[in-house]
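Data first, discussion second: the structure below is written as structure tokens.
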Amino acid sequence: MKKNIAKMLSNQVNMELFSAYLYLEFNNWLMDQGLTGFAHWYRVQAMEERDHAMLIYDYLHHNNETVDLAAIEQPTTDAKGVMDILKAGLEHEELITNSINDIYEAALKEKDYRTKEFLDWFVKEQGEEEANAHDLIDRVNLLGEDRKGLYIMNGELAARVYAPPSLTIT
């Protein structure tokens, strides 16, 4: 593995860990608002992001590379409502997608086909992450000011079940 690819992947580990922290911060804010279902959804999201970090971490070690663990910035939110949280979540997923795409492009340029194949799963996953974020925004937009609808959606989101990723490191 080329050093520039290893460095980018190592940085991605840290970005994924920050994602988990950010979603736990969203969880905190949502819990404070009594939106426990929305909070649960982001708690599960945080678990997924942690798993993404560990998949990349394991991939680097599998390729005899060391992961440079950096300090993880403390996340903050100045949300005024649930829509602010949802939009911040989408914006963050778009940032992560761009980072994954940059690594993918670098892997192709370096003819690092193993890393490209590894990243195929993440490219698909990011498509799902952005689609989920858009869906939440669309659903809350549809509800408008309907507090009863928000209450029902909150209950639906509470039912989200955590499922570990099915990617195998080779």
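Mapping of the sequence shown onto the numbering used here: position 140 corresponds to residue 127, and the numbering continues sequentially without gaps. Using N, Cα and C, we set each Cβ at its ideal position, and we do this for glycine too. Keep in mind it's a predicted model, so treat the numbers as computed, not measured.
> How many Å lie between E97 and K103 at the Cα?
Replying inline: Spanning the two alpha carbons is a distance of roughly 10 angstroms.
> Could you give the C-beta distance for N141 and L22, rounded to a whole number, given that I count them as a contact under 8 angstroms?
Replying inline: Between N141 and L22 the beta-carbon gap is near 5 angstroms, inside 8 angstroms, which marks them as a contact.
> How long is the line joining the alpha carbons of R6 and F13, rounded to whole angstroms?
Replying inline: A small fix is needed here, since residue 6 is Ser in this sequence, not Arg. In this structure, the straight-line span from the alpha carbon of S6 to that of F13 is close to 10 angstroms.
>> Taking 7 angstroms as the limit between beta carbons, can you name the residues of its chain near W16, skipping five residues before and five after?
In response: T64, A66, I72
> What do you get for M(-5), buried or exposed, if any count of 16 or more other CB atoms within 10 angstroms of its CB means buried?
Replying inline: It is buried - the Cβ of M(-5) has at least 16 other Cβ atoms within 10 Å.
> Taking Cβ positions, are N128 and L56 nearer each other than 8 angstroms?
Replying inline: no
> Under the rule that 16 or more other beta-carbon atoms within 10 Å means buried, what is V54, buried or exposed?
Replying inline: Flag for V54 reads buried.
> Would the beta-carbon of H121 fall within 8 angstroms of that of L9?
Replying inline: no
> Looking at E81 and M(-12), is the spacing between their C-beta atoms short of 8 angstroms?
Replying inline: no
>> Applying the 10 Å Cβ sphere with the 16-neighbour rule, what's the burial state of E92?
In response: exposed
> What do you get for D99, buried or exposed, if any count of 16 or more other CB atoms within 10 angstroms of its CB means buried?
Replying inline: buried
>> Taking the beta carbon of Y29 as the centre, do at least 16 other beta carbons fall within 10 Å, making it buried, or is it exposed?
In response: buried
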